[in-house]
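Colleague:
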Ligand SMILES: [Zn+2]
Ligand SMILES: [Zn+2]
């Protein structure tokens, strides 16, 4: 159902149709004008007019004859996903990753900036400007930059809000810093929401319009697509599941709330649990959160009973997070991703046990829980997806289009 | 931002434009074709074509000359909100209310069916068929029926899910029962979501596109409008805040979850708290939940310290619900409605205290918390809003439109 309420924010009709044609070509590959007209319920005249403009602008092109339906040969249109590149940037506490992706989400190059500390943020940003500038100069196909930052990200403001893992970054206004810095446009998004876009655009097995991407890593985040719409919130700070309380008598969190989910199943929380288990991982005290978690998962794969038990405890919290997602967002599919998803089937089985017990069966029966098929650092893919999404949705930001 | 992802579910363009014109006339009153064209960024030719069809179908009409901008007189178009009526039905456990509303949300008549028990549901449904049938026969202006039912309502199935307050109703499939029973179409929606639509359509002071209606009554529910889109979930069971846990070590709930918000601040929960306070309300044991709560609120207004303290305890839970709403949905306004909102400023002040302590200030500073200005049984208004929303959004369901 499209709601009345929905239409107030619609783009103009011609923009909408242009975007729908771009999306159709992106999702379905080479198509004839007649096929597009039929799929989108547009008149042939409208298709001819809009595609002429897109061809003139260089966004799409004709492929010459291709085999259409009923074996009739006709002229195809294509949006060549290899012809356009985007730069993706992923910010975490101490890690800034950069990648160049093609429009299909294939990474062409990936690099990391040197480890960032609270004191080196300014120089990291300078280096980022330089690196991005060089990448754009070297590759004329680059059309946009997408950035993924940990939530809560106040998108309409341009800043992340008080969260320990990004404390040093809070003074950075991403919009002011980057939006006019390059010859191509920059788009910034919360990392889990970017991850949801990546799952939706790049994983061919995901076909639902009701998708939740549940990021369980150094932070805990969520991105939700509901009937094809990304849930944003007024400032862009919706779906911050990491700061939804699972226990109003629980542990305090930097956000001001108590019992935040993030305090129980993020990698820092797991690291803390590991340190309380004497001798489970001998040198856990000197490890990063990522290293400690990966050591734990390796132990469990080797059959270590205490490691398995600890992962089950973590999975219970991850499962309660799923239950909140069920009751808050009722998606058809929850994809669990990022570092903690590396615990694999053991985690997933335990999550299912918690869900089976605590969710009404109608929701349980109609919702798939899967582990992300994208790399653990899907937020980098997500940053690429954010840029690609804008390219498909608002082509005039990228081309001269009358 | 409209997302790429959003456009896959768009209605055809002509339908969308038709609906936008209907909405414009509904929201702005008498308008000239030129004013509509300008506001909606449509060509005069498109406006002329679409409005001609709407006039022919009887959905809108010309008003003759009216004073346009710049003092030029021109022909106005109007959607006469008094000319169309809808029937609204609100289901609760033992109470079925019916009203006839005009398109502006003004109630013309309201009635109740006799109290319904588990054993009389079948006869209540028969009586409802008869009553609705008679209303339609007596009033040719009635164009649709909206129904509001407690959540979790599985809209795509047509049934409510396991919840104690509707246990007897669970066997009723509202879609099978009513959708083809009358000469006008029937639309069923979860009560809090219907309440959100009512706030949005009928309260002129509400102008945000990011609205949460937080129903705290016999159940606890939520309806959220995000950037103009109602959040539905795959089955229509999203935003079931009443069954989001605030304490994973807390009280068990009929839904299978533990620590559900509904177990702490619904009227049955408050009634239970009242009964534990010796002699606070002498005959509380024989009262309904509604009566007990209203007696409590009256005591508090009279200055009774124990009553005030109890309401503050309730308000703390209501406040934690708000915090979950902030972090899950980031609305610009949360409207608290239904029975518990009758506790008034005392409740609201305490809710603010909890929020001030536990929500990041950027969200707190940009979100208004208000008490509903609609009657306590806003779900009845909501049922009307559901039908009106459909009328504006999908006029072909109501008229012969080519
Ligand atoms: Zn928190
Ligand atoms: Zn529950």
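Residue numbers (the working numbering), protein chains in the order written: chain A, -6 to 395; chain B, -6 to 395.
Note that CB positions come from ideal geometry on N, CA and C, so glycine has one too.
(1) With H, G and I counted as helix, E and B as strand and the rest as coil, what does DSSP make of residue 263(A)?
(2) When you compare the CB of residue 428(B) with every CB in chain A, is at least one pair closer than 8 Å?
(3) For residue 380(B) and residue 33(B), I'd like the C-alpha separation in whole angstroms.
(4) Tell me which residue opens and which closes the beta strand (DSSP E) that residue 326(A) is part of.
(5) Taking the alpha helix (DSSP H) that residue 347(A) belongs to, which residues open and close that run?
(6) Counting only C-beta atoms, is residue 343(B) closer than 8 Å to chain A at any point?
(7) How far does the beta strand (DSSP E) with residue 137(B) in it extend, from its first residue to its last?
(8) Give me the Cα-Cα distance between residue 86(A) and residue 140(A), rounded to the nearest whole angstrom.
(9) Please check if any C-beta of chain A sits within less than 8 Å of the C-beta of residue 244(B).
(10) For the beta strand (DSSP E) containing residue 102(B), name the first residue and the last one.
(11) Ignoring anything shorter than 3 residues, give me the beta strand (DSSP E) runs that lie fully in the segment 157 to 193 of chain B, in order along the chain.
(12) If the cut is a Cβ gap below 9 Å, which residues of chain A does residue 304(B) touch?
(13) Could you give the C-beta distance for residue 101(A) and residue 124(A), rounded to a whole number, given that I count them as a contact under 8 Å?
(14) Considering only residues of the segment 188 to 267 of chain A, which uninterrupted alpha helix (DSSP H) runs meet the minimum length of 4 residues and lie entirely inside it, listed in chain order?
(15) Below 8 Å between beta carbons: does that hold for residue 274(A) and residue 288(A)?
(16) Could you give the distance in angstroms between the alpha-carbon of residue 196(A) and the alpha-carbon of residue 49(A)?
(17) If you measure beta-carbon to beta-carbon, which residues of the segment 198 to 228 of chain B are closer than 7 Å to chain A?
(18) Assuming residue 204(B) and residue 191(B) make a contact with CB atoms under 8 Å, what is their CB distance in whole Å?
(19) Under three-state DSSP, which class holds residue 358(B)?
(20) For residue 106(B), which residues from the same chain have a beta carbon less than 7 Å from its beta carbon, with the 5 sequence-adjacent residues on both sides left out?
(21) For a test of the three-state rule: what should DSSP assign to residue 126(A), helix, strand or coil?
(22) Quick one: is the Cβ of residue 255(B) within less than 7 Å of any heavy atom of ligand 2?
(23) Write down the C-beta distance between residue 308(B) and residue 340(B) rounded to the nearest angstrom, noting that I regard them as a contact closer than 8 Å.
(24) In the DSSP assignment, the beta strand (DSSP E) including residue 303(B) goes from what residue to what residue?
(25) May I have the straight-line CA-CA distance separating residue 201(A) from residue 321(A), to the nearest angstrom?
(26) When the Cα atoms are used, what is the spatial distance from residue 73(A) to residue 95(A)?
(27) Quick one: grab the DSSP three-state call for residue 390(B).
(28) Tell me the DSSP secondary structure of residue 56(A) in three-state form.
(29) Which value, in whole angstroms, describes the spacing of the CA atoms of residue 256(B) and residue 364(B)?
(30) Opposite residue 152(B) in the DSSP bridges: which residues?
(31) Between residue 57(A) and chain B, is any beta-carbon pair separated by less than 8 Å?
(32) Please look up how many angstroms separate the CB atoms of residue 465(B) and residue 138(B), rounded, as I've assumed it's under 8 Å.
(33) Please determine whether the Cβ atom of residue 246(A) lies at a distance below 7 Å from any heavy atom of ligand 1.
(34) Using only the heavy atoms of ligand 2, determine whether one of them is closer than 7 Å to the beta carbon of residue 122(B).
(35) Where residue 351(B) and residue 115(A) are concerned, what is the direct C-alpha to C-alpha distance, given to the nearest angstrom?
(36) Answer with yes or no whether the minimum CB distance from residue 317(A) to chain B is below 8 Å.
Modeller: According to the data block:
(1) What you label residue 263(A) is simply residue 270 of the first chain in a count that begins at 1. Residue 263(A): helix per DSSP, three-state reduction.
(2) It is not possible to answer for residue 428(B), since the shown part of chain B is limited to -6 through 395.
(3) One-based indexing of the second chain puts residue 380(B) at position 387. One-based indexing of the second chain puts residue 33(B) at position 40. So the alpha carbons of these two residues sit roughly 24 Å apart.
(4) Along the first chain, one-based indexing puts residue 326(A) at 333. Taken as a continuous stretch (DSSP letters only), the beta strand (DSSP E) holding residue 326(A) covers 326 to 330.
(5) Looking up residue 347(A) in the first chain gives position 354. Its alpha helix (DSSP H) spans residues 338 to 351.
(6) Taking the first residue of the second chain as 1, we reach residue 343(B) at position 350. Not one chain A Cβ lies under 8 Å of residue 343(B).
(7) In the second chain, the residue the question calls residue 137(B) occupies position 144. Counting along the chain, the beta strand (DSSP E) containing residue 137(B) begins and ends at 135 to 142.
(8) Walking along the first chain from the start, residue 86(A) turns up at place 93. Walking along the first chain from the start, residue 140(A) turns up at place 147. Distance between the alpha carbons of residue 86(A) and residue 140(A): 14 Å.
(9) By one-based count along the second chain, residue 244(B) stands at place 251. No, residue 244(B) does not count as interfacial toward chain A.
(10) The residue you call residue 102(B) lines up with position 109 of the second chain. Residues 100 to 105.
(11) The DSSP assignment places complete beta strand (DSSP E) segments of no fewer than 3 residues inside the segment 157 to 193 of chain B at 179 to 183, in order along the chain.
(12) Here residue 304(B) is taken as the residue at index 311 of the second chain, counted from 1. Near residue 304(B) there are no residues of chain A at all, since even the closest Cβ is about 18 Å away, more than 9 Å.
(13) Here residue 101(A) refers to the residue found at position 108 when the first chain is read from its first residue. Here residue 124(A) refers to the residue found at position 131 when the first chain is read from its first residue. No, residue 101(A) and residue 124(A) are not in contact; Cβ-Cβ is about 15 Å, not under 8 Å.
(14) 255 to 258
(15) Taking the first chain and counting its residues from 1, one reaches residue 274(A) at position 281. Taking the first chain and counting its residues from 1, one reaches residue 288(A) at position 295. For residue 274(A) and residue 288(A), yes; Cβs fall inside 8 Å.
(16) Position 203 of the first chain, counted from the first residue, corresponds to residue 196(A). Position 56 of the first chain, counted from the first residue, corresponds to residue 49(A). Roughly 31 Å separates the two Cα atoms.
(17) 202, 203, 218, 219, 220, 221, 222, 223, 224, 225, 226, 227 and 228
(18) As a position in the second chain, residue 204(B) is number 211, starting the count at 1. As a position in the second chain, residue 191(B) is number 198, starting the count at 1. Not confirmed; about 11 Å, so no contact.
(19) Sequence index remark: in the second chain, residue 358(B) carries index 365 (1-based). If DSSP states are grouped into helix, strand and coil, residue 358(B) belongs with the helices.
(20) One-based indexing of the second chain puts residue 106(B) at position 113. Only 89, 117, 120 and 121 meet the Cβ criterion.
(21) Indexing the first chain from 1 puts residue 126(A) at position 133. In the structure shown, residue 126(A) sits in a helix (DSSP, three-state: H, G or I).
(22) Here residue 255(B) corresponds to residue number 262 of the second chain, with the count starting at 1. Yes, the Cβ of residue 255(B) comes within 7 Å of a heavy atom of ligand 2.
(23) Along the second chain, read from residue 1 onward, the residue named residue 308(B) stands at position 315. Along the second chain, read from residue 1 onward, the residue named residue 340(B) stands at position 347. The pair is a contact, with the Cβ atoms about 5 Å apart (cut-off 8 Å).
(24) As a working mapping, residue 303(B) is identified with position 310 in the second chain. No beta strand (DSSP E) holds residue 303(B); the alpha helix (DSSP H) holding it covers 298 to 322.
(25) For the purposes of this step, residue 201(A) is identified with residue 208 of the first chain, where counting begins at 1. For the purposes of this step, residue 321(A) is identified with residue 328 of the first chain, where counting begins at 1. The straight-line gap from Cα to Cα measures roughly 18 Å.
(26) The residue labelled residue 73(A) in the question sits at position 80 within the first chain. The residue labelled residue 95(A) in the question sits at position 102 within the first chain. Computed Cα separation, rounded: 10 Å.
(27) Taking the first residue of the second chain as 1, we reach residue 390(B) at position 397. Helix, per DSSP.
(28) Looking up residue 56(A) in the first chain gives position 63. Note: residue 56(A) maps to strand in three-state DSSP.
(29) Along the second chain, one-based indexing puts residue 256(B) at 263. Along the second chain, one-based indexing puts residue 364(B) at 371. Their Cα atoms are separated by approximately 21 Å.
(30) Within the second chain, numbered from 1, the residue matching residue 152(B) stands at position 159. Paired residues: 147(B).
(31) Sequence index remark: in the first chain, residue 57(A) carries index 64 (1-based). Judged by the 8 Å Cβ criterion, residue 57(A) is not in contact with chain B.
(32) Since the first and last residues shown for chain B are -6 and 395, residue 465(B) lies out of range.
(33) Indexing the first chain from 1 puts residue 246(A) at position 253. Answer for residue 246(A): yes, Cβ within range of ligand 1.
(34) Indexing the second chain from 1 puts residue 122(B) at position 129. No, Cβ of residue 122(B) sits at least 7 Å from all heavy atoms of ligand 2.
(35) The residue you call residue 351(B) lines up with position 358 of the second chain. The residue you call residue 115(A) lines up with position 122 of the first chain. Here the alpha carbons of residue 115(A) and residue 351(B) stand approximately 31 Å from one another.
(36) Taking the first residue of the first chain as 1, we reach residue 317(A) at position 324. Output row for residue 317(A): interface = yes.
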